[in-house]
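*Asks:* Residue numbers (this note's numbering), protein chains in the order written: chain S, 48 to 420; chain Y, 4 to 198.
Next up, the structure:
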């Protein structure tokens, strides 16, 4: 009996403990240096209640080059403990570029039950191995702009190869559809092994129309060519009305009209909408929305309510007029329809029921009369 | 009479003193730059907070109780409660699921073993914190529990803000018809990585 009681207490306390484990930093990176030894600082933490035993291990193709200052760490509640990841770099790593090692902290399993679960956390350690010969990585940055503004473009290039590059050159091109609208070259330069450079330009956009465009960066180096493309937008102070979420409503009820708009402007805009409901040419309702804030390049939904309780079923026109910014306007028309309402269906149903009851009553009376004769 | 007059004068001065003192205190407290008056100095404290990945399992054990060969059960009705996972760190995480290498598979009868329909999982939102993860990119229909190699990103982009940082791991068992009798146990490994 006493043993059972102790066992139950053990189970109860285990169930009350929340198992929690953490690791940091979540991602880290080192450059590959043959035959070197590198020590990196990591930490584990116990964010749960009660003490925690954590096993540290490495997984991945390069797990064999990893060792730890501690393989098992005991953490009391709320405790944080540092440990070292020691990398014994080999002569050579076959795969150039990023090679990932998974550093894992796994809680020790505890408790009873059919299925238990252990929490583990994984930090990603990347060893960057240089590419043989001349090799670059590049990243292109380009913002969305307003019409008439210059386009600031930036190209970050890193020599991740094992050779210096003496002749790095290239150009920026703006594409619209398949055609090149404009092109601008950048100055040739040298880029030493394992070093970075950043090329920035301000491109004039006077010959570009508003809309979506593609910026292409072409980089020539050591007989190779690298091309990167990125999309950007040239906006006008214009909010486009995209469409109604639904065009079918029910007569005799209040209709919720929701329509989507997208801002093509690179600054926030404020505005509101007026919706005119037309039956043929006759305006039967005018609804105004509250004031909306339209975020740059984002889609929003405007919501208004039309009291269609006294309108008959049929087709109508919803004319949406959007006023925003410095009194700019956008308008669009949509066909909408009102279907027969629930109230009418209810009345018809009720009438049918009354008629059925009356027929049944008449039939029963007839039958009684027949029986009495 | 003279004493009464003196008392009155003292009383008036006392009231005046309290009044002046109170008004002075109020004016001083309301005045911007109070720190300078009181001699306090301001300083700038700078601290770097390291990012961390941390998860907890508020519910980490499931007991399906006594079952017969050929029967099945799952945790979608909350009987028993599903495993609950919570993101306690400072970054969004993806979760992989695997059988813990230190445990055996749950059932050994025909159709048992790893990656079989005898033992399945899916992730689901909790009723208290819906929308905590990217359900479109996560496994949300019952799928066979893998072996020790595991399934990466079974749960995608579990958030870390306190109001939306938890998910349920539902489990389903289909006991093989020829499963030997006895207690059946296994352990799952839920591994979080930065998403």
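Note that CB positions come from ideal geometry on N, CA and C, so glycine has one too. Everything numeric in this text was worked out from a predicted model, so none of it was measured.
1. Is it a yes or a no for the region 57-65 of chain Y touching the region 84-100 of chain Y, going by three-plus beta-carbon pairs under 8 Å?
2. Can you list, in chain order, the residues of the region 138-159 of chain Y whose Cβ is nearer than 7 Å to any Cβ on chain S?
3. In the DSSP output, which residue or residues are listed as bridge partners for residue 86 of chain Y?
4. Buried or exposed: where does residue 32 of chain Y fall if 16 or more other Cβ atoms within 10 Å of its Cβ makes it buried?
5. Using CA coordinates, which residue listed in S/193, S/386, S/94 is at the minimum distance from residue 253 of chain S?
6. Rounded to whole angstroms, what is the Cα-Cα separation between residue 275 of chain S and residue 187 of chain S?
7. Note down, in chain order, every chain S residue with its Cβ under 8 Å from the Cβ of residue 192 of chain Y.
8. Around the Cβ of residue 21 of chain Y, are there at least 16 other Cβ atoms within 10 angstroms (buried) or fewer (exposed)?
9. Consult DSSP for residue 117 of chain S and reduce its assignment to one of helix, strand or coil.
10. Span of the beta strand (DSSP E) holding residue 235 of chain S?
11. Are the region 74-91 of chain Y and the region 168-175 of chain Y in contact at 8 Å, needing three or more beta carbon pairs?
12. What's the C-alpha gap between residue 342 of chain S and residue 135 of chain Y?
13. Does any C-beta atom of chain S lie closer than 8 Å to the C-beta of residue 161 of chain Y?
14. Using the Cα positions of residue 334 of chain S and residue 353 of chain S, report the straight-line distance between them to the nearest angstrom.
15. Indicate whether at least one CB of chain S lies closer than 8 Å to the CB of residue 173 of chain Y.
16. Is it true that the CB of residue 168 of chain S sits closer than 8 Å to the CB of residue 128 of chain S?
17. Per DSSP, residue 343 of chain S forms a beta bridge with which residues?
18. Strictly by DSSP, which residues pair up with residue 215 of chain S?
19. So, helix, strand or coil for residue 109 of chain S, using DSSP?
20. Can residue 215 of chain S and residue 238 of chain S be called in contact, C-beta distance under 8 Å?
21. Rounded to a whole number of angstroms, what is the C-alpha to C-alpha distance between residue 98 of chain Y and residue 122 of chain Y?
22. So, does the CB of residue 110 of chain Y fall closer than 8 Å to a CB anywhere in chain S?
23. Residues in the region 88-100 of chain Y with C-beta within 7 Å of chain S's C-beta atoms, listed in sequence order?
24. Taking the alpha carbon of residue 217 of chain S as the reference point, which residue from S/230, S/208, S/82, S/207 has its own alpha carbon closest?
25. Using a Cβ-Cβ distance under 8 Å, would residue 394 of chain S count as near chain Y?
26. How far does the beta strand (DSSP E) with residue 360 of chain S in it reach, from first residue to last?
27. Are the Cβ atoms of residue 283 of chain S and residue 307 of chain S separated by less than 8 Å?
28. Buried or exposed, going by whether 16 or more other CB atoms sit within 10 Å of the CB of residue 34 of chain Y?
29. Please check if any C-beta of chain S sits within less than 8 Å of the C-beta of residue 55 of chain Y.
30. Rounding to the nearest angstrom, what Cα-Cα distance links residue 268 of chain S and residue 123 of chain S in this structure?
31. Report the CB separation of residue 77 of chain S from residue 166 of chain S in whole angstroms; it is logged as a contact under 8 Å.
32. Identify the residues that DSSP records as bridge partners of residue 326 of chain S: which are they?
33. Residues in the region 285-319 of chain S with C-beta within 8 Å of chain Y's C-beta atoms, listed in sequence order?
34. Quick one: grab the DSSP three-state call for residue 42 of chain Y.
35. Got a sec, what are the start and stop residues for the beta strand (DSSP E) residue 131 of chain S sits in?
36. If you compare alpha carbons, which of S/366, S/209, S/222 is closest to residue 325 of chain S?
*Replies:* The short version:
1. Taking 8 Å as the limit for Cβ pairs, the verdict is that the region 84-100 of chain Y does touch the region 57-65 of chain Y.
2. Going along the region 138-159 of chain Y in chain order, one finds no residue with a Cβ nearer than 7 Å to chain S.
3. Residue 86 of chain Y has Y/172 as its beta-bridge partners, per DSSP.
4. The predicted position of residue 32 of chain Y is uncertain, since its pLDDT is 47 and thus under 50; a value taken from the coordinates is nonetheless stated next. By the 16-neighbour rule on beta-carbons within 10 angstroms, residue 32 of chain Y is exposed.
5. If we check each option's Cα against that of residue 253 of chain S, S/193 comes out closest.
6. If you take the alpha carbons of residue 275 of chain S and residue 187 of chain S, they lie about 7 Å apart.
7. Ordered by position in chain S, the residues that pass the 8 Å Cβ test against residue 192 of chain Y are 153, 164, 165, 167.
8. Under this definition residue 21 of chain Y is an exposed residue.
9. If DSSP states are grouped into helix, strand and coil, residue 117 of chain S belongs with coil.
10. 226-238 is the extent of the beta strand (DSSP E) around residue 235 of chain S.
11. With the cut-off at 8 Å, the region 74-91 of chain Y and the region 168-175 of chain Y touch.
12. When rounded, the separation of the alpha-carbon atoms in residue 342 of chain S and residue 135 of chain Y is 24 Å.
13. Among the residues facing chain S, residue 161 of chain Y is not included, as its CB has no counterpart in that chain under 8 Å away.
14. For the pair residue 334 of chain S and residue 353 of chain S, the Cα-to-Cα distance works out to about 7 Å.
15. Judged by the 8 Å Cβ criterion, residue 173 of chain Y is not in contact with chain S.
16. Cβ distance not < 8 Å, so residue 128 of chain S and residue 168 of chain S don't count as in contact.
17. According to DSSP, which records beta bridges pairwise, residue 343 of chain S is partnered with nothing at all.
18. Its beta-bridge partners are S/236.
19. In the structure shown, the three-state DSSP call for residue 109 of chain S is coil.
20. In terms of Cβ geometry, residue 215 of chain S and residue 238 of chain S form a close pair [threshold 8 Å].
21. Rounded to the nearest angstrom, the gap between the Cα atoms of residue 98 of chain Y and residue 122 of chain Y is 19 Å.
22. Not flagged as an interface residue toward chain S: residue 110 of chain Y, since no C-beta distance is shorter than 8 Å.
23. Contacts with chain S (Cβ-Cβ distance below 7 Å) from the region 88-100 of chain Y involve 91, 92, 94, listed in chain order.
24. If we check each option's Cα against that of residue 217 of chain S, S/230 comes out closest.
25. Chain Y contact via Cβ: absent.
26. Element bounds for residue 360 of chain S: n/a, residue is neither H nor E.
27. Inclusion of residue 283 of chain S and residue 307 of chain S in the CB contact set at 8 Å is not warranted, their separation being larger than that value.
28. For residue 34 of chain Y, the predicted structure reports a pLDDT of 44, less than 50, and the residue's modelled location is therefore unreliable. A value from the coordinates is still provided. Exposed.
29. Output row for residue 55 of chain Y: interface = yes.
30. Residue 268 of chain S and residue 123 of chain S have their C-alpha atoms spaced approximately 56 Å apart.
31. Actually they are not in contact, since the Cβ atoms of residue 77 of chain S and residue 166 of chain S sit about 27 Å apart, beyond 8 Å.
32. Under DSSP, residue 326 of chain S forms a beta bridge with S/329.
33. Answer in chain order: no residues at all.
34. Bear in mind that a pLDDT of 45 at residue 42 of chain Y, under 50, signals an unreliable position, so the model cannot answer this.
35. Segment 127-135, the beta strand (DSSP E) holding residue 131 of chain S.
36. Checked all of S/366, S/209, S/222; the closest Cα to residue 325 of chain S is S/366.
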